[in-house]
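Chains as they are written, first to last, in the working numbering: chain P, 1 to 94; chain L, 1001 to 1651.
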């Protein structure tokens, strides 16, 4: 059934980065790879993780946005390195 | 904007001091103000770089110029777009043009209100003229386009991440949603990171008022802004054949002929299929052309957009529209660029017009041409739409923090969209009037920009404190500020009060907070230590603070006790940011609450010195009334008046 589970976009928030504010290109690549590696352990492969992630927040905010199904989102939320997982909701101009 | 800054800078004697906030703070020179919004219209004169020197060397940002995008100049120094969240959520990719260019108008309006140049000759369809002014008119500005109709969390976070990296000083975010858990809320998360980099984050309180507990963007590291009126009215009268005359508000063309026209209510003009209630709201398809043709239609506010009602009336052949406020909207009348001659009336006046129509065999009326009046009173009063406290997430923190002008605000607009946003409306305007907490928010961002120029080392909390503790709670009649219903408003509507930029530049004392204090605040809320160590590995919650006392003692410039049982003592610490002086405490007690301050006097011998005091709140013998009661604490040395609202409710 999980193969047919509805997928939607989520934000996976992981707190702050260990690198400082003067971020280098190498830092950014390391962060992106770490996000791919992290998600691969939930979705089965690096390729699937790369396909699912549409933002990798690399500079100040640590986390990524990805297309996931509800079960995957719930599993990721249990990981101790994850602060929160929440749907990519719409907000309104005021 | 053409009036709001003058209105805010006026002192009690009706004069703008020569040493105003603008002059004192060098017009916000070289502070970098950015918004997260619908992008920017770079050709606007509000963003011309004439007279500007080189871009500050600390700036790391730039502009996305491909696809008809935005080229940076020395004023508009950044423009980026983030649309992957919109597309991932099912948004139409062709709508999400890969460019930060504003095709909606909102982002251009808010950015120019916060940091736009002075632009003489600003006009909206010739109906209103003046010099458009941003709050920090010499600031540099940047736009991060994250809204494509709606604004998605994933794009918001991408915008925050980039803006923090690029080096903005103030972030203005006129976006809202339902308040919820801080770490499941992209604006709360993004702003938490921003304040750790010293960025002041200013957000709209929301347009869900006057419903209680409707306020959004309530995290204590955000400056949350409500909306109120100013002393300018666009008066267009509704006149009835029986001699009655009602003052309304509008920006619309006059009626074709100087004569009385037949009047009809939306309900009377309903189609066979429509309900009277829907037709009274002038919803799409509810008005019968054979009934409305050639008449002035009276519509009730609510259900659809105000301008949309005029569109429906016009489609039904009406020559004019009288828009009657519903009860919740009270006295709040807004000057809209209607597509036909129109005026909007207060609830009481609208009810009188409807009563006339319903009780008269052949009702006739007229709408006068709109005219601008300045110095009207009372002003300010709270907009009905402005979202209200108490804070639905952490009731110990009063929200909103502050109010600023948010009704009928004139500012720059996009050249890609009409004033009605209807595709068939081919009108284009360089400036536009708009209303909402979206419009009040950038006023506070502009003031924050001035403070950042004047005090570059101040923390975001100190800047917020200066804005809050110097605000006023009286209107231009020197009476307590009112709600849109003209009942007395309270701090759940206006927070600390209406912003006073001149006073904010010299607050005397500030309530400061560090990033560490915010982590302690989160400890008090019960967030676990492991989670908080993802921000700072050395973070350890102090056990004594993991209770409500940690929340009550959080060094906020307001004091809120949502569950007073017996008595409670709260602690605050103030930092002197002026010369040596002695401050005395003065309290206005909330009804049924005895308030004592210890010590009653604080002596400061130098700038930067900090002193703590305790406030004990005790329910009086007769007990507290139901609901919240309000008071205030003022520390004054005779020159500075450092005011904190107090809100208390019984358990």
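Ideal Cβ placement from N, Cα and C applies to all residues, glycine included.
Residue-level contact by beta carbon holds for residue 1084 of chain L and chain P, with a gap shorter than 7 Å.
Of all residues in the stretch 3-24 of chain P, those with a C-beta nearer than 8 Å to a C-beta of chain L are 8, 9, 11, 13, 14, 15, 16, 21 and 23, reading in chain order.
Runs of the beta strand (DSSP E) lying entirely within the stretch 1247-1285 of chain L and spanning at least 3 residues, in chain order: 1261-1265. Taking one beta carbon from each stretch, the stretch 1274-1289 of chain L and the stretch 1299-1312 of chain L have 3 or more pairs nearer than 8 Å; the two touch.
Chain P places no beta carbon closer than 7 Å to that of residue 1383 of chain L, leaving this residue out of the contacts. Taking 7 Å as the cut-off, the Cβ atoms of residue 1446 of chain L and residue 1114 of chain L count as close. The residue among L:1218, L:1374, L:1638 and L:1207 with its C-alpha nearest the C-alpha of residue 1180 of chain L is L:1218. Residues of chain P whose Cβ lies closer than 7 Å to the Cβ of residue 1184 of chain L are, in chain order, 84 and 86. In the three-state reduction of the DSSP assignment, residue 1444 of chain L falls in the helix class. Closer than 8 Å at the C-beta level to chain L, one finds these residues of the stretch 46-65 of chain P: 54, 55, 57, 58, 59, 60, 61, 62, 63 and 65. Contact annotation: residue 1204 of chain L and residue 1438 of chain L have beta-carbon atoms nearer than 7 Å. Here the stretch 1187-1206 of chain L makes contact with the stretch 1160-1171 of chain L; the two share three or more CB pairs at distances below 8 Å.
Annotation: residue 1373 of chain L is outside any alpha helix (DSSP H); the continuous beta strand (DSSP E) that includes it extends over 1371-1374.
Shown in chain order are the members of the stretch 1426-1439 of chain L whose Cβ falls below 9 Å from a Cβ of chain P: 1436, 1437, 1438 and 1439. Residue nearest to residue 1606 of chain L within the set L:1193, L:1030 and L:1582 is L:1582 (criterion: CA-CA distance). Judged by beta-carbon spacing, residue 42 of chain P lies beyond the 7 Å limit of residue 67 of chain P, meaning their Cβ atoms are not closer than that value.
Chain P places a beta carbon closer than 7 Å to that of residue 1161 of chain L, counting this residue as a contact.
With respect to chain L, the C-beta atom of residue 94 of chain P has a partner C-beta closer than 7 Å. The contact set of residue 67 of chain P on chain L, defined by CB atoms closer than 7 Å, consists of 1088 in chain order.
At a C-beta separation below 9 Å, residue 1157 of chain L has these neighbours in chain P: 11, 13, 55, 57, 61, 63 and 65. The residue among L:1244, L:1093, L:1091 and L:1161 with its C-alpha nearest the C-alpha of residue 1061 of chain L is L:1161.
Residue 1108 of chain L and residue 1412 of chain L do touch by the CB rule: their CB atoms are close to 5 Å apart, below 8 Å. Listed along chain P, the residues sitting closer than 7 Å to residue 1204 of chain L by beta-carbon distance are 94. Residue pairing of residue 1434 of chain L in beta bridges, as defined by DSSP: L:1409. Annotation note: the stretch 39-68 of chain P contains the following uninterrupted beta strand (DSSP E) runs of length 3 or greater, listed N- to C-terminal: 53-57. Assigned with DSSP and collapsed to three states, residue 1151 of chain L falls in strand. For the set L:1467, L:1190 and L:1112, the Cα lying nearest the Cα of residue 1509 of chain L is the one of L:1467. Within the stretch 1287-1374 of chain L, the runs of beta strand (DSSP E) at least 3 residues long that lie entirely inside it are, in chain order, 1296-1300, 1320-1324, 1342-1345, 1364-1367 and 1371-1374. If you draw a straight line from the Cα of residue 1334 of chain L to the Cα of residue 1001 of chain L, it is about 16 Å long.
Taking a Cβ-Cβ cut-off of 7 Å, residue 77 of chain P has no neighbours in chain L, whose nearest Cβ is about 10 Å from it. For residue 1573 of chain L, the pairing in a beta bridge is given by DSSP as L:1612. At a cut-off of 7 Å between C-beta atoms, residue 90 of chain P counts as an interface residue with respect to chain L.
Only 1530, 1531, 1534 and 1535 from the stretch 1521-1551 of chain L bring a Cβ to less than 7 Å from some Cβ of chain P. With distances taken between CA atoms, residue 1611 of chain L lies nearest to L:1511 out of L:1531, L:1382, L:1511 and L:1353.
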